[in-house]
Each structure stands twice: as C-alpha cells, then as structure tokens.
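**Q** Residue numbers (the numbering used here), protein chains in the order written: chain A, 6 to 486; chain B, 335 to 432.
By construction, the Cβ of each residue, glycine as well, lies at the ideal position given by its N, Cα and C atoms.
Just so you know, these numbers come straight off a predicted model, no measurement behind them.
What follows is a single structure, and I will ask about it in a moment.
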C-alpha cells in the first residue's frame, strides 16, 4: 500500500514510475478522510494545494530534473510552524484565524526540495503539554489505542506518521515534545542540537530551549529530512554555522568500539519495569554489535525538571506577551486598550497556558527573580557540565528511557499538572544542555510501543543515527479499522 | 502536601495583573492550588549550592552575530496588516488608551 511506504521506498517507487506523486498524495488524503475522524491528528487539511504541488512534482520528474528524495513525498507540519497563507493556530483560540504572511525557514527548505504539504497537525496549545489534551481543537488519540494519548506536545505529528497519514512530519521540542510522542506512538523522533535548525517562523514557547524536530517511520528518513532542513539561516541569529551532515550516510556506519553510556540516574523505580527491561535488552544488543556499554553518572539530573519548568515558563511569559489583540490573532472588544488586552488574553488562552504564564511571571517578578530565575540559570550550568564531562571522557552517546511509562489513558493526568510534568523527566535535561537526542522504537508492551532515547554530544547527530539504526525494531503498525 | 502557602492570594492577584490575565473566583482558587504544589516542588532547587557558578542563558558559543548591513526585501505593509483585528489607513487601530 502506498501509504505504508517510507521516504526512501517512496522516492524509489516514484523514480521507477510505479505511481505518481499525485497518486501518492491522493492515497494519503483518502486515508486521512477515512481515519482522522477517529484520531483527530489534523487541524487543517490542505487537499487542493497538496494535489497541485504533487502535479508540479510529477511535471519536474517528467522533465528529467534532478530531484531530492523528498520531492513529491507527502508530509505534514505541526501547527506551530508558519505556512504562508495557511492557518497556523498553535491549537489555540488565540490564533484560530491567523494566516501567516511568510513561511518558516524549515518549511521553506522542504518546499524548495519538492515536499508536498498535506496539512497542519494538532498539538498541545502553544506546545504546552505532554498529551495533546490542551489543544483548543480536541484531543488527538493514540493510533495504537484510541483510549490513550499520543503524547505531546507534537502528538498530532506522531499520530499522523504512526497511522500512515503522512510519510513524515515536523514537530517542535522544548522539553521532550517530539521525543515522548515518538515513544508513545512507535515512530522515530529526533530533536537536533539547539541551533541546528532555524527557528524562524516557528511560534516561540521558550526560545533558549525550542528546537524543530522530525517524526518519521525510520532513522534513515529522519536523517534525510534533517539534512534538508538543517543549517544556518540569516533570519535566525541563533542558528548555528556548524557543517551539516551527512546524516543519511551515517545510518550505515559501524558502531564497533563506540562508547555508549547508560545513565545511572535514569534507571530508577520511577521508570516502569517493561521500559527498564527494554533498556537492558538494547544495551546487550549494542554490546553484541561491538559497542562498549558502560554506566555513567549525571549527578545533577534530579534538578533538571524543576529547572526546566522555571526557565520554560519564564521565557513563555515573556514570549506570549505578544498576544495582545493589536496586530493579529483574537481580539475581545472593550472600550479601552488595557481592558481589551486583559479580556483578549483571558478569553484566548486555555487553562494550562495561563498557568504557565502565571508561573513564569511569578519567577521573573520583583522579589522572586534571584531565588527562582537566576538560581535556575546557575543550576542549568551544572546540568550542562555533567553532560560536557561525559562526552569529553569519550562517550559517543547515552542510552536512556524516553519517559517513565508507555502511553497513558486520556484524562488520566489532566487534573494533576505536576505528575504530567514528570513525564518529561528524561527529556528536559537534553534541552537544558542544548544537545541532540533521537528516540527509536525498540518494541512494545501489551500493544503499546516503547521507544528509547539516545543523547549525543553537541552537533553529534551522526553517532545517533548510526546507533539508532542498529536499535530500531521493525515498524510497529497500529491495527486501525 | 505541606500546610505552608507558597503563594498568597495577594501574590497571585499581583502576578495576574502583571501578566494581563483575569480569572474567575473558581479559576483563581484552582490556579493557586496547582501553582502552590508546583512551586513547592521547585523549592528542590534551593538545596544546591551554586556559589560562584556562572549562569547559562544560552547553550551555543555564539556572541555578537552580525551580518552585512545591506537593504533587502521586507514584508510589504499590506501583508503585515492583513491579520489586524482593526486597522485604519496604514496603521493598527486600537481602542482609546485613557
């Protein structure tokens, strides 16, 4: 079936003339039409534009042009990535009718490579959540069990790829928002090094932590997409000048002799037994392939979660100050400016977004700034130093759980934000340290996928793809009626 | 959970004013309760001695990123104004300020 193919397989089939890009897009639109009423992964489906873009790709191929493997391959974007003239809502009432006047750089680079956009994907409102339940447009369901969450905040992206409603998707990851959904939905997810991919045109949540990520059916696909979108961008002064890739070629690299660390602090009773067992099995597999697997310690790990929630919310309270009803987005009518701003924000933001703005504003407010915000910036240094020391000692990557459990039930953690935040315990340190991390599916427990996380050194994505390719299991396809 | 109130009602109202947010009575009660438990958890950070540790505001060793000061394309005014809830001429229009 066309919709089951990976990027690599589809590129080969398109090149061989087995079917056209238009047929590939039509097959995906048909699948979205059939399945998405049950899953709610898409906020917007751009059917007409997708078919037109596919026909343009077919025309390029007919002219014999030299095409990217992504040319004509249907994909989708988390609805936080700006698309010129296509609604970009951030799953919020605040931006329900917002039509960006430009493309995000990451999407522009894909479009330039011939990628075909199927639509925009559901997420937690403004990327604030770990379950896609805070979306103003309804929860996305996990394709493996529709009574469970797909993870978050890029839950729509993970669910769409898992259910073959897109060949790959982009998400964003501030504290685990690409990796935890990849784990819950049984797909590959990469959060590259901070600065690896331009953030221009990506609606900001916490600017020192945000990074665009990729959800794909296997490591090679994720690597090929990263190679296309990574690199410096004059529109984002925090995009890094470091050389890009080659990532796809790295998938075939031998891992013999690589030193891989098992982080002692991430193997505790807080992690569900099936996940610890999967971790042990993965370590043995890598050792069997000639890697040197050793225990390492990151002593400040337990401070990462509170540090993350202070920094992320502080940056969010500042970033979200822009939603004032003046230039774009929702406006609540009122007879003076101040009242209009307060009414707009109170109406437009959901409960979790308001909670995080309150938390961040508190941490930055006079009298608490030193105790919370400044203190946390110092703790961030200590957390980053733990990682620096391990990588300087010669480790290529670290193997860890992605989250404490497999996908949890809808509503299970909704009323308990602190326990919901605990979902991010293995993923947030990576954002604080600005490092790359790759999640690959390795198996399942009672029908629910398990993905493990590989953390690399700064700009060390190649090692992640080399090791990830050896670890990833055959695709776990959900049984969808 | 401790009986100690981390965030007082006055604090919460002050922060809501700073953030330009308004809450109903029920929302405020719920928000204070949840913020209290989150802030209590964050007290954990106070246990670490960070004397003499430099703060990290940014993970990349980038400073003073400059590019050539050359005129380029900018967003045309019509496109910049296209999402405005209200406009007049070439400007965003807002209700009276005082």
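Could you tell me whether the segment 18-26 of chain A touches the segment 64-79 of chain A, where touching means 3 or more Cβ pairs closer than 8 Å?
**A** yes
**Q** Near residue 396 of chain A, which residues of its chain fall below 6 Å by C-beta distance, leaving aside the five closest residues on each side in sequence?
**A** 462
**Q** Buried or exposed for residue 152 of chain A, going by 16 or more other Cβ atoms inside 10 Å?
**A** exposed
**Q** What would DSSP say about residue 337 of chain B, mapped onto helix, strand or coil?
**A** Caution applies to residue 337 of chain B, whose pLDDT of 42 falls short of 50 and renders its modelled position unreliable; the value that the coordinates give is listed next. Residue 337 of chain B falls in the coil class under three-state DSSP.
**Q** Interface residues of chain B around residue 342 of chain A at Cβ under 9 Å?
**A** 428, 429, 430, 431 and 432
**Q** Is residue 527 of chain A close to chain B? Criterion is C-beta to C-beta, closer than 8 Å.
**A** Coverage of chain A is limited to positions 6 through 486, which leaves residue 527 of chain A absent and any answer about it impossible.
**Q** Can you have a look at residue 424 of chain B and say buried or exposed, based on whether 16 or more other CB atoms are within 10 angstroms of its CB?
**A** exposed
**Q** Do residue 386 of chain A and residue 453 of chain A have their C-beta atoms within less than 8 Å of each other?
**A** no
**Q** State yes or no: is the beta carbon of residue 350 of chain A nearer than 8 Å to at least one beta carbon in chain B?
**A** At least one chain B Cβ lies under 8 Å of residue 350 of chain A.
**Q** Under 8 Å between C-beta atoms, does residue 342 of chain B make it to chain A?
**A** no
**Q** Scan the segment 385-431 of chain A and note each continuous alpha helix (DSSP H) run of 4 residues or more that stays entirely inside, going in chain order.
**A** 422-427
**Q** Considering only C-alpha positions, which residue in the set A:30, A:172, A:139 and A:233 is nearest to residue 115 of chain A?
**A** A:233
**Q** Residue 416 of chain B touches chain A at which residues, Cβ-Cβ below 9 Å?
**A** 104, 106 and 333
**Q** Pick out the complete beta strand (DSSP E) segments inside the segment 293-330 of chain A, 3 residues or longer, and give them in chain order.
**A** Entirely contained in the segment 293-330 of chain A, the beta strand (DSSP E) runs reaching 3 residues are, in chain order, 297-301.
**Q** Take every Cβ of the segment 173-191 of chain A, pair it with every Cβ of the segment 210-230 of chain A, and state whether three or more of those distances are shorter than 8 Å.
**A** Contact between the segment 173-191 of chain A and the segment 210-230 of chain A is present, because at least three Cβ pairs lie under 8 Å.
**Q** Are the C-beta of residue 337 of chain B and some C-beta of chain A separated by less than 8 Å?
**A** Annotation note: pLDDT 42 at residue 337 of chain B (below 50); position unreliable, no value reported.
**Q** Determine whether the beta carbon atoms of residue 171 of chain A and residue 123 of chain A lie at a separation below 8 Å.
**A** yes
**Q** What's the C-alpha gap between residue 272 of chain A and residue 88 of chain A?
**A** Taking the Cα positions, residue 272 of chain A is about 41 Å away from residue 88 of chain A.
**Q** Using a Cβ-Cβ distance cut-off of 8 Å, determine whether residue 379 of chain A contacts chain B.
**A** For residue 379 of chain A, the nearest beta carbon of chain B is closer than 8 Å to its own beta carbon.
**Q** From residue 12 of chain A to residue 252 of chain A, what does the alpha carbon distance come to, in whole angstroms?
**A** If I take the Cα positions, the gap works out to 15 Å.
**Q** Taking the CB atoms as reference points, tell me whether residue 202 of chain A and residue 165 of chain A lie closer together than 8 Å.
**A** Contact flag unset, no.
**Q** Find out if the Cβ-Cβ distance for the pair residue 379 of chain B, residue 59 of chain A is shorter than 8 Å.
**A** no
**Q** Who are residue 425 of chain B's beta bridge partners in DSSP?
**A** B:422
**Q** Are at least three pairs of beta-carbons, each pair with one atom in the segment 242-262 of chain A and one in the segment 465-475 of chain A, less than 8 Å apart?
**A** yes
**Q** Assuming contact is defined by CB atoms lying nearer than 8 Å, are residue 284 of chain A and residue 457 of chain A in contact in what I supplied?
**A** yes
**Q** Closer than 9 Å, Cβ to Cβ, to anything on chain B: give me those residues from the segment 303-315 of chain A, in chain order.
**A** 305, 307, 308, 310, 311, 312, 314 and 315
**Q** Please list, in chain order, all residues of the same chain as residue 483 of chain A whose beta carbon is under 7 Å from its beta carbon, the five residues on each side excluded.
**A** 148, 149, 167 and 168
**Q** What does the alpha-carbon distance come out to for the pair residue 414 of chain A and residue 449 of chain A?
**A** 16 Å
**Q** Relative to the alpha-carbon of residue 2 of chain A, which residue among A:304, A:320, A:417 and A:421 has its alpha-carbon at the smallest distance?
**A** Outside the displayed range of chain A (6 to 486) lies residue 2 of chain A, so it cannot be described from this structure.
**Q** Anything in chain A within Cβ reach of residue 425 of chain B, meaning under 8 Å, just list it in chain order.
**A** Those within 8 Å of residue 425 of chain B in chain A number zero; the least Cβ separation is about 11 Å.
**Q** For residue 63 of chain A, which residues in the same chain have their Cβ closer than 8 Å to its Cβ, ignoring the five residues on either side in sequence?
**A** 25, 26, 27 and 77
**Q** Considering only their Cβ atoms, is the gap separating residue 104 of chain A from residue 416 of chain B smaller than 8 Å?
**A** yes
**Q** Could you give the DSSP three-state label for residue 454 of chain A: helix, strand or coil?
**A** strand
**Q** Given that a residue counts as buried once 16 or more other Cβ atoms are within 10 Å of its Cβ, and exposed if not, what is residue 400 of chain A?
**A** buried
**Q** For the putative contact between residue 47 of chain A and residue 127 of chain A, defined by C-beta atoms under 8 Å, what is the C-beta separation to the nearest angstrom?
**A** 7 Å
**Q** When the cut-off is 8 Å and only beta carbons count, does residue 411 of chain B lie next to chain A?
**A** no
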